[in-house]
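Participant:
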Amino acid sequence: MHATDSQISQMLDLATKASPHEACGLLLEDGRVYPCPNVAADPLNHFDIDPQYQAVAEQLGQVVGVWHSHPAGPADPSMIDRAMCERTVLPWHIVSPALGDYQYLAPCGWQAPYVGRPYCYGVFDCWELLRDWMRRERGVLLSRPLETEGWWERGIPLFAQHAAANGFETLEDPLEPGDVLMLQIGASVANHLALWLGDGLILHHLKDRASEIHLYGSYWQRCTVSHWRHYS
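In our numbering, each number is its position in the sequence shown, counted from 1, plus 622.
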């Protein structure tokens, strides 16, 4: 259900006060607009609702929506907004204090394309690209590592550990479509994944870049440290 004029006015007011950071919160069944602190590492461009405030909101009443602001731009849903709306299975309400704009977004089964995803750790990154591809193309459900961003800087071999726990095995056989290449880029452990598509092409999502398809050239080959395949 779309927000009322009163709710939109409240969200815009809260967003204006929080600017230039993104404001965020929840909508309750009784109509309350419940603001929550934005605890994202980059609050200028992203938001994370403080889990303690969310727990309090859930005690006050049923949560029926998530709201947040786009401080400097229009309220049009981003690809990240669409992905997270699907995950929360709740309507999302987006406001733009700069333009006085409001947009409503409801879960509808939307799926992100493989190519052109913006980078956002935990939402759109190389492991999430692998998860989506395996689910859609192979019907295989992979879990998500729980480590926070930067685990590679702490020397944690997270990808190797998690791949093994999710049914992948290392091998030396010729590459087949759907195989996973683990790459080591400026780190002491494998910190990047690429999907082998065949015909010399890989699909991957580098940090702070959009997901893309590349030729598996000499640079990527030099960075590759292992080759994995999932056995269902």
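Where a beta carbon is used, it is the ideal one built from N, C-alpha and C, also for glycine.
Could you name each continuous beta strand (DSSP E) segment of 3 residues or more that falls completely within the region 662-709, going from the start of the chain to the end?
Facilitator: Within the region 662-709, the complete beta strand (DSSP E) runs of at least 3 residues are 685-691.
Participant: Cutting at 7 Å between CB atoms, please list the residues of its own chain near Val811, excluding the five before and the five after it.
Facilitator: Trp774, Gly777, Ile778 and Pro779
Participant: Among Ala809, Glu798, Leu837 and Val737, which one has its Cα closest to the Cα of Arg831?
Facilitator: Nearest C-alpha to Arg831: Val737.
Participant: Name, in chain order, the residues that DSSP records as bridge partners for Asn788.
Facilitator: In the DSSP output, where bridge partners are listed per residue, Asn788 has none listed.
Participant: Could you compute how far the alpha carbon of Trp749 sits from the alpha carbon of Thr638?
Facilitator: One C-alpha to the other measures close to 35 Å.
Participant: Could you check if Ala663 is buried or exposed, using at least 16 other CB atoms within 10 Å of its CB as the buried criterion?
Facilitator: exposed
Participant: Measuring alpha carbon to alpha carbon, tell me which of Leu764, Glu769 and Asp801 ends up nearest Asn788.
Facilitator: It is Leu764.
Participant: I'd like to check one pair, Leu823 with Ile835: are the Cβ atoms closer than 7 Å?
Facilitator: With respect to the 7 Å criterion, Ile835 and Leu823 are classified as neighbours on the basis of their beta carbons.
Participant: May I ask you to report which of helix, strand or coil DSSP gives Cys730?
Facilitator: coil
Participant: Look at the alpha carbon of Gly819 and the alpha carbon of Thr792, and state the distance between them as a whole number of angstroms.
Facilitator: The question names Gly, but residue 819 in the sequence shown is Leu. Going by the C-alpha atoms only, they are around 17 Å apart.
Participant: In whole angstroms, what separates the C-alpha of Gln684 from that of Glu794?
Facilitator: 53 Å
Participant: So what does DSSP say about Met804, is it helix, strand or coil?
Facilitator: Strand, per DSSP.
Participant: Out of Leu768, Tyr841, Arg757 and Tyr675, state which residue places its alpha-carbon closest to the alpha-carbon of Gly800.
Facilitator: Arg757
Participant: Assess contact between the region 670-679 and the region 697-715, defined as three or more Cβ pairs (one per stretch) separated by less than 8 Å. Is contact present?
Facilitator: no
Participant: From the DSSP output, in three-state form, read off Arg776 for me.
Facilitator: helix
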